[in-house]
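S.K.: Per my numbering: the sequence shown = residues 2 to 95.
From the three backbone atoms N, C-alpha and C, an ideal C-beta is built for every residue, glycine too.
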Amino acid sequence: MGLAVKKSKTHPYITRKRGVCGGRSIIEGTRIPVWSIIKWYKIGMSIEEIIKGFPHLTPAQVYDAFSYYYDNQGEIENDIAENEENYVRGSHKR
């Protein structure tokens, strides 16, 4: 039995796979969630720096992550907030 895959026709480089990154939107062929690309940008990295930081990604994949974000801001902002909560909870356990 294969993993369920949901691929967007509007965003050809973005997909979701059950069991991969919690089913969140990821860049196809990777385990990089869209929220992480957006988070890097929000903390001050330029798009060019993000592309250099992920040399296995094409510029088209990175720009599609931004396009997906602008079409699905609520989803991605929720993913960012959830990740920050998990990080804070994990930090207090140490």
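Can you round the beta-carbon distance between I39 and Y64 to whole angstroms, since I take them to be within the 8 angstroms contact cut?
M.R.: Translated into positions along the sequence shown, residue 39 becomes position 38. Translated into positions along the sequence shown, residue 64 becomes position 63. Incorrect: roughly 12 angstroms between the Cβ atoms, too far for contact.
S.K.: Report yes or no: do three or more beta-carbon pairs, one from the stretch 71 to 84 and one from the stretch 26 to 39, lie closer than 8 angstroms?
M.R.: yes
S.K.: Which residues mark the beginning and the end of the alpha helix (DSSP H) in which K43 is found?
M.R.: Position 42 of the sequence shown holds residue 43. It spans 35 to 43 - the alpha helix (DSSP H) in which K43 sits, taken as one unbroken run.
S.K.: Would a C-beta distance cut-off of 9 angstroms place P34 and R25 closer than the cut-off?
M.R.: On the sequence shown, position 33 is the one that residue 34 refers to. On the sequence shown, position 24 is the one that residue 25 refers to. Their beta carbons are under 9 angstroms apart, which means P34 touches R25 by this criterion.
S.K.: Only counting runs of 4 or more residues, tell me where the alpha helix (DSSP H) segments fall wholly within the stretch 44 to 74, in order along the chain.
M.R.: 48 to 54, 60 to 72
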